[in-house]
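Each remark here refers to the structure printed beneath this line.
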Amino acid sequence: MPKETAAIRGRKRANDDYEDDGFVVGDDIAPKSKKTKKSQSAGKRVDDEGNDFWELSAKRRVTVSEFRGKSMVSIREYYEKDGKDLPGKKGISLTLDQYNALVELLPEIEAALAKKGESVKRPDFEGARGGPVKDDQDSEDDDTGKKNFEATSDEDGD
1 MPKETAAIRG
11 RKRANDDYED
21 DGFVVGDDIA
31 PKSKKTKKSQ
41 SAGKRVDDEG
51 NDFWELSAKR
61 RVTVSEFRGK
71 SMVSIREYYE
81 KDGKDLPGKK
91 GISLTLDQYN
101 ALVELLPEIE
111 AALAKKGESV
121 KRPDFEGARG
131 GPVKDDQDSE
141 DDDTGKKNFE
151 ATSDEDGD
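According to full-length UniProt numbering, the stretch in the sequence shown is residues 1 to 158, in order.
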């Protein structure tokens with residue numbers, strides 16, 4: 001008796017798995033999909049230490065925290081131990097200056113992704129979350145009533 005090739009055996013199995021009405025035989029033995037432990041919410045949440053965070057995926061989150069009096073933005077993996085989410089080793093903590101540098105690079109990063117055929121979802125900064133955040137430097141100019149260069153030019157007039 002001649003041996004069947006793997007391709008022929010595969011076709012036979014595929015044909016045997018279907019009934020005449022189009023339903024697959026053995027659907028009840030299909031592997032169950034994994035269920036996530038937590039439902040993901042797109043909104044801001046607060047961790048045990050009082051830091052604001054947003055979940056990126058089941059194990060990754062962005063956290064705004066303070067370290068030695070400086071604001072930090074962390075993108076980090078988390079793991080669960082004894083019912084608590086704990087930060088893992090994988091991740092990065094950015095100072096405010098580093099975070100601002102990243103934000104300024106986003107248009108270039110988006111352009112590089114567009115060249116590769118990828119699209120990026122753009123946020124609505126004017127939406128329900130409030131308006132744009134003012135710079136500390138802008139608020140100082142509003143308090144004095146003069147722009148910085150005008151204030152320094154008045155001092156030089158002696």
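Where a beta carbon is used, it is the ideal one built from N, C-alpha and C, also for glycine.
Across the structure, residue 61 and residue 68 are spaced so that their CA atoms are roughly 21 Å apart. When rounded, the separation of the alpha-carbon atoms in residue 100 and residue 58 is 26 Å. When rounded, the separation of the alpha-carbon atoms in residue 88 and residue 112 is 30 Å. A distance of 8 Å or more separates the beta carbons of residue 75 and residue 50.
With a 10 Å radius around the Cβ and a threshold of 16 neighbouring Cβ atoms, residue 53 comes out buried. In the three-state reduction of the DSSP assignment, residue 120 falls in the coil class. Approximately 7 Å separates the beta-carbon atoms of residue 94 and residue 102; this is inside 8 Å, confirming the contact. Shown here, residue 106 sits in a helix according to DSSP, grouped into three states.
Between residue 66 and residue 72, the gap from beta carbon to beta carbon is short of 8 Å. Separation of the CB atoms of residue 63 and residue 47 is rounded to 7 Å, and the pair is thereby assigned contact status at 8 Å. Distance from the CA of residue 118 to the CA of residue 45, rounded to the nearest whole angstrom, comes to 29 Å.
Scanning its chain for C-beta atoms nearer than 6 Å, with the 5 sequence neighbours on each side dropped, one finds around residue 96 the residues 71, in chain order. For the pair residue 120 and residue 110, the CB atoms are nearer than the 8 Å cut-off.
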